[in-house]
Amino acid sequence: MIEAILPRTVVTEAAYDDEARPGDHFFNEEREKVAQAVESRQREFATVRYLARRALGRLGRPAAPILPNRRGAPQWPDGIVGSMTHCAGYRAAAVSPAELTASVSIDAEPNGPLPDGVLEVVTLPSERAAIASLTERRPDVHWDRLFFSAKESVFKAWYPLTAHGLDFSEAEIDVDPRDGTFSARLLVPGPLIDGHRVPVFPGRWHQARGLLATAVHLARESELDDVPRARRGLVAPY
6 MIEAILPRTV VTEAAYDDEA RPGDHFFNEE REKVAQAVES RQREFATVRY
56 LARRALGRLG RPAAPILPNR RGAPQWPDGI VGSMTHCAGY RAAAVSPAEL
106 TASVSIDAEP NGPLPDGVLE VVTLPSERAA IASLTERRPD VHWDRLFFSA
156 KESVFKAWYP LTAHGLDFSE AEIDVDPRDG TFSARLLVPG PLIDGHRVPV
206 FPGRWHQARG LLATAVHLAR ESELDDVPRA RRGLVAPY
């Protein structure tokens, strides 16, 4: 899933279930964060961190606690950017060296409709019109859920660059159903990456096994030397 929509500079690990007891993959600091949570929450919390540490190991980094901050965002080791996601039937982590990647984000969701009342909260009128049109063309995809997932990926990519939140109404998603891409036009000033302001976040999406996955990858300037400046912010070559 996730590995299909991220460039080679990003290392990914994924699982479709929780194979071990929560305590098998916890550091003490992590265990304390979810000590009062139900067991299912502890299991997904442990599994996704186990996957993240496996990915970090492939980058030659030692195992270390990955603690959430006050917003719940994972705090990565120095020199690493990354993202984690979990939903029913899927857990995944993605990491990359910070010298290659400015920000990376992933999100996975069940390919099913959003709960009643959520669509109006998380989408703009233009997006709801696009969802209606896409649903007529491709009813196999729950486009309301895909737009929600895309916005989650946009937020996860935005937050580490700015240290503040992004409202659902502050990014407009445009999805291409043919090639598995999407773009998010920021309706507020974009973040600065290597001295250049990025007004659009590019993304990719994938559908498989009853799931939807989205990802945003923002490459460093050094990775974009051959990309025209007007298009910078696009995902790195695959």
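Going by my numbering, the sequence shown runs without a break in its numbering and finishes at 243.
Built from N, CA and C at the ideal position, the CB exists for glycine as well.
### Task
Only counting runs of 3 or more residues, tell me where the beta strand (DSSP E) segments fall wholly within the stretch 163-233, in order along the chain.
176-181, 186-191, 205-213 and 216-224
### Where glycine 87 sits in the DSSP three-state scheme
Annotated three-state conformation of glycine 87 is strand, per DSSP.
#### Entry: Nearest-angstrom Cα separation, counted from leucine 56 out to glycine 65
14 Å
### Message
Using DSSP's beta-bridge definition, name the partner residues of glutamate 157.
### Response
Partner(s): none; glutamate 157 has no beta bridge.
### Task
Starting from the Cα of lysine 161, find the closest Cα among Ala78, Ser174, Thr17 and Glu49 and give me that residue.
Ala78
### Query
In whole angstroms, what separates the C-alpha of valine 109 from that of alanine 224?
8 Å
### Query
Going by C-alpha distance, which of Glu44, Ala137, Ile111 and Asp149 is nearest alanine 19?
Ile111
### Query
Do histidine 211 and alanine 9 come within 9 Å of each other at the CB atom, strictly closer than that value?
yes
### Where threonine 106 falls: helix, strand or coil (DSSP)
strand
### Task
Report the option in Leu105, Asn33 and Asp199 whose CA atom is closest to the CA atom of glycine 87.
Out of Leu105, Asn33 and Asp199, the CA that lies nearest to the CA of glycine 87 is found in Leu105.
### Task
Would you tell me roughly how many angstroms separate the C-alpha atoms of proline 67 and glutamate 226, rounded to the nearest one?
27 Å
### Message
Going by DSSP in three states, arginine 236 sits in which element: helix, strand or coil?
### Response
Reliability fails at arginine 236, whose pLDDT of 40 lies under 50, so the model's placement of it is uncertain and the value that follows must be treated cautiously. Three-state DSSP puts arginine 236 in a helix.
### Task
Go to valine 53, then tell me how far its beta strand (DSSP E) extends in each direction, as first and last residue.
Unbroken run through valine 53 is the alpha helix (DSSP H), 44-63; no beta strand (DSSP E).
#### Entry: Span of the beta strand (DSSP E) around glutamate 18
16-20
### Query
Using the beta-carbon count (16 or more within 10 Å), is valine 180 buried or exposed?
With 16 or more Cβ atoms within 10 Å of its Cβ, valine 180 is classed as buried.
### Query
Should proline 95 be labelled buried (16 or more other beta-carbon atoms within 10 Å of its own) or exposed?
A small correction: the amino acid at residue 95 is tyrosine; proline does not occupy that position in the sequence shown. With 16 or more Cβ atoms within 10 Å of its Cβ, tyrosine 95 is classed as buried.
### Message
Looking at the secondary structure, which residues open and close the alpha helix (DSSP H) in which proline 130 lies?
### Response
130-142
### Message
For glutamate 35 and alanine 134, what's the separation of their Cα atoms in angstroms?
### Response
Straight-line Cα distance between these residues: approximately 43 Å.
### Query
Residues bridged to isoleucine 111 by DSSP?
Ala220
### Spatially closest choice to valine 15 from Val43, Pro82, Ala103 and Asn33, by CA coordinates
The candidate whose alpha carbon is nearest that of valine 15 is Ala103.
### Distance CB(threonine 4)-CB(alanine 113) smaller than 9 Å
Because the chain in this structure spans residues 6 to 243, residue 4 falls outside the shown range and cannot be described.
### Message
I'd like the list of long-range same chain contacts for leucine 191, defined as Cβ closer than 6 Å, with 5 residues on each side in sequence excluded.
### Response
Excluding its 5 nearest sequence neighbours in each direction, leucine 191 has C-beta neighbours in its own chain below 6 Å: Ala176 and Pro204, listed in chain order.
### Task
Please look up how many angstroms separate the CB atoms of glycine 117 and arginine 150, rounded, as I've assumed it's under 8 Å.
6 Å
### Message
Excluding the 5 residues flanking leucine 216 on each side, which residues of the same chain have their C-beta closer than 8 Å to its C-beta?
### Response
Met6, Cys92, Gly94, Tyr95, Ala113, Glu114, Pro115 and Asn116
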